[in-house]
Structures are given as structure tokens and as C-alpha cells.
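Residue numbers (the working numbering): 10 to 442. Cβ coordinates follow ideal geometry from the N, Cα and C atoms, glycine included. A short write-up of the structure that comes next.
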């Protein structure tokens, strides 16, 4: 067996046996410093990963990774349609990592009740639309009936059903089954009476405050568009949500697809002359993703601070251990142990103390994280944080890396202070009290 490790294990096993030892509280403090530091780091990484996953899922679920649209629509209440015929859509599906492509029609208007009114954008979706996220966000009722068959009596195309957010339902005093008038202002005022068939909640004001879910055919009919015209094409990619939960979001795939999309749109101009361009989700919802990027910076600051805390507590602990075992150091040197061997003993000893702190920190962090996952006892204001409870994603690879990095950096931090052993002279140390 390695001699320094053998002696270090003996020292480690003797911790707490001598009740009068001055090193006992020091070792306890050092262990607690490592445990608390690691627990905070693990919780920070897992909570930030959870935030990024939840928010990215909501944005990508309600919107999409890339939208192909007329840029004029972003700065004008008027709808500027693009042509999206079958040939153009077939080309879009060949872009890198494309999962699905959906046509969307939008129309700005006002919902009015007897007592109040609210400006909204009706987002029309068709039967082929991926409604997984919207369906999961429903809190009451159901999604609108998606029907492009003209009504034989009124001649109106599409259903008159809409799903509104819980915020709009609260502000306008509406519930499932109620009917509400919608007004659309163009050259002439158009009016349509809708039935509220469902209520959803994403906890994101950028969606809940402004969007109403309706039938694609209804919105296209209100706009007076041709069958191949739409407000935008929503393009969803593979793996974008998973990439956002990493330590640092990997946007290479999104950027690569946007570059291909720009080139494709330039080579295939809109037949009507509309400036058809791709817009990534990070550009469209820049405020949200800037906040998520800021979380990465905050995480780095917390990790650095916690590693410093663990390092400083272990350095102070090592110095006290060396002072308390001065006689032992003198005896070891008198028996022929070199300064390097003695330093190695105390470095191994400190590493064992650090390992015990790491195990305690892992236990504390994982217990709290799994409790939050199952019971969600820590709540947040959804208007500020987009979620009503603290989201958690237990990422095992980062946890293992944090343990390894903490152990390595803490041990390296102890190398300098361990050279204090070189100044201890055996003759004086043996008489040291």
C-alpha cells in the first residue's frame, strides 16, 4: 500500500476519537464548507437547466424554432401574407434537422364583452398542426374544432370556436361556453361572434396576454387570402430544447438551418413580391433568451464563489492540522520521511476530508432536488419567472463533473500551504507542545 495514503487513512479514522483535539471543530467546519459549496453548485446547475428546459419548451411549443414570414408583419398591425405553395414547403422540409413545417394564419382584432375589451391576435392553426404543447397547456375545455368546410347557411369558412388564455378569461370575465364578439378593422369593420371552447395557460405574458387560438380557415377567410397564402410557416427542428438545457446552449444547429433558410428564400422569391425571410426563435423572442443567457453568467459566478469557499475552508483546516500534528511530522522526518512524503500524507488526508464533504453535499443537494421535483414546495411568481414552481432537471453528467472539479481544485489549492511542512525541523518539532 502507498505509505502516504496509509498514514492519511489512519489520521482520517482517528477523527473525533480525541474529544480534546483542536482539529475536530476545524475538520467539521472544513467538511461543512465543502458540503454546502457543492450542494449549492449542484442545485444551481440543476435549477438553471430546469428553467432553460421549461422556458424553451414553452417558447418552441407555442411558436417554433424558425418562422418564414414577411418582416413587415413584425412592425405593423396589418397582415402581410406570404405564398407557401406545396413546392416551396417541400423545399423547406429539406433544410437541415427539420422536424415538421406548419402553416399559420394570424389576424389582429379586438375581443369585446359588455363590460370590457382587449386587443388580441387570433392564431389560426389547421388539422395537421402539432397541438401537443397547446393541448398540455389547456386548463379548461378543449382546443377549437379545426374545420375548413363552409357553413351551408352562413357561407362562413371554418369554425367559430376559439381558445383563450386564463388571463384573457379573467380580464374579460369569460368562461368555457361563453360567446364573445370580435372586431377587425380594415377598410371596413368586420365582426365575428366566437364561442370560447377552451382556456389555456402558459404562464408567459408574451403569449397569454395577446394570443387566441382559432381555426386556420376562419382566420384565412377573415383576411380574404388565397389557399396558398399564410401569415408564416412555422419550422420546428430536432433537438433544440435538449440543446438549451446544457451548461451553455448550443445554437450551431439553429444558426446553420437559418443560414440555409436565408439562401433558400433568396433563390426562391415570393411570387407576389413579398419579402419572404426566415426569423429564428432567438431573434423573435430575444428578451426571453437574453434572460436565459444571463442565467449562464450567474451560474458561473456562483460556481466560482462556492469553489472558493470550499478551497478557503480546506486551506484553513489544513494549516490547523499541520500545527496540531507538528510532533508527528517531526517523528516522521526523524524516521527518514522526506518533506515530499509528509506533504503527500497531509494532501491525502485533506482529500479524504474533501471526499466526505462531497458525499454529504451530494446527499443534501439530491434530496432537495428530488423533493422539489415530486412535491414542488418552492413556488414562484409566474408573471416574472414564466413558471409557478422552481423547475428542476437532475443532470448527472454535470453533477459528476462538479464533484471531480471541486476535488481537483481544492486539492490543488492545498499544495501551496502544504509547503509549510518543509519549515518544520524534526528536533524542535518533537519537543513541540
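In the three-state reduction of the DSSP assignment, residue 113 falls in the strand class, which pools E and B.
Contact check for residue 131 against residue 116 passes: the beta carbons are separated by less than 7 Å. Judged by beta-carbon spacing, residue 120 lies beyond the 7 Å limit of residue 207, meaning their Cβ atoms are not closer than that value. In this structure, residue 216 places its C-beta atom within 7 Å of the C-beta atom of residue 71.
Taking the Cα positions, residue 179 is about 32 Å away from residue 302.
Along the segment 195-247, the beta strand (DSSP E) occurs as fully enclosed runs of 3 or more residues at 198-209, 220-224 and 241-246, listed in sequence order. Residue environment for residue 103: exposed (fewer than 16 other C-beta atoms within 10 angstroms of its C-beta). Residues 180, 181 and 182 of the same chain have their beta carbon placed closer than 8 Å to that of residue 125, with the five preceding and five following residues left out of the count. Excluding residues up to 5 positions away in sequence, 92 lie with their Cβ nearer than 7 Å to the Cβ of residue 281 in the same chain. With contacts defined by Cβ atoms closer than 7 Å, residue 289 and residue 267 form a contacting pair. Contact between the segment 356-368 and the segment 414-429 is present, with at least three C-beta pairs closer than 8 Å. One alpha carbon belongs to residue 407, the other to residue 367, and they sit about 14 Å apart.
The DSSP assignment places 285-289 as complete runs of the beta strand (DSSP E) inside the segment 260-307, in order along the chain (cut-off: 3 residues). According to the DSSP assignment, residue 362 belongs to the alpha helix (DSSP H) that extends over 348-384. Unbroken beta strand (DSSP E) stretches of 3 residues or longer found wholly inside the segment 18-74: none. Nearest neighbour of residue 59 by Cα position, chosen from 309, 205 and 403, turns out to be 403. A residue is called buried once 16 or more other Cβ atoms fall within 10 Å of its Cβ, and residue 170 is buried on that count. Of the candidates 205, 173 and 421, 421 places its Cα closest to the Cα of residue 319.
Apart from the 5 residues on each side of it in sequence, residue 109 sits with its Cβ closer than 7 Å to the Cβ of 139 and 245 in its chain, given in chain order.
In this chain, the alpha helix (DSSP H) harbouring residue 427 covers 405-427. In terms of CA proximity to residue 41, 370 leads the group 390, 192 and 370. The closest CA to that of residue 142, considering only 63, 386, 294 and 78, is found on 63. The C-beta distance from residue 427 to residue 327 rounds to 7 Å, short enough to fall under 8 Å.
In this structure, the beta-carbon distance from residue 65 to residue 308 does not fall below 7 Å. For residue 284, same chain residues with a beta-carbon under 8 Å away, outside a window of 5 residues either side, are 79, 80 and 81 in chain order. Distance from residue 330 to residue 355 at the Cβ level is roughly 7 Å; contact confirmed, criterion being Cβ atoms closer than 8 Å. Straight-line spacing of the CA atoms in residue 204 and residue 279 works out to 35 Å. Residue 434 carries a coil assignment under DSSP once its states are collapsed to helix, strand and coil. If the five residues before and after residue 392 are omitted, its C-beta is found closer than 7 Å to the C-beta atoms of 214, all from its own chain and listed in chain order. Of the other Cβ atoms in all chains shown, fewer than 16 fall within 10 Å of the Cβ of residue 425; this residue is therefore exposed. Restricting attention to 45, 227, 383 and 11, the CA atom closest to the CA of residue 113 is found in 227. In the three-state scheme derived from DSSP, where H, G and I count as helix and E and B as strand, residue 76 is classed as strand.
Taking C-beta atoms under 8 Å as the contact rule, residue 273 and residue 135 fail to qualify, at a distance of about 23 Å. No Cβ-Cβ contact shorter than 7 Å links residue 189 with residue 150. For residue 100, the enclosing alpha helix (DSSP H) has its first and last residue at 95-101.
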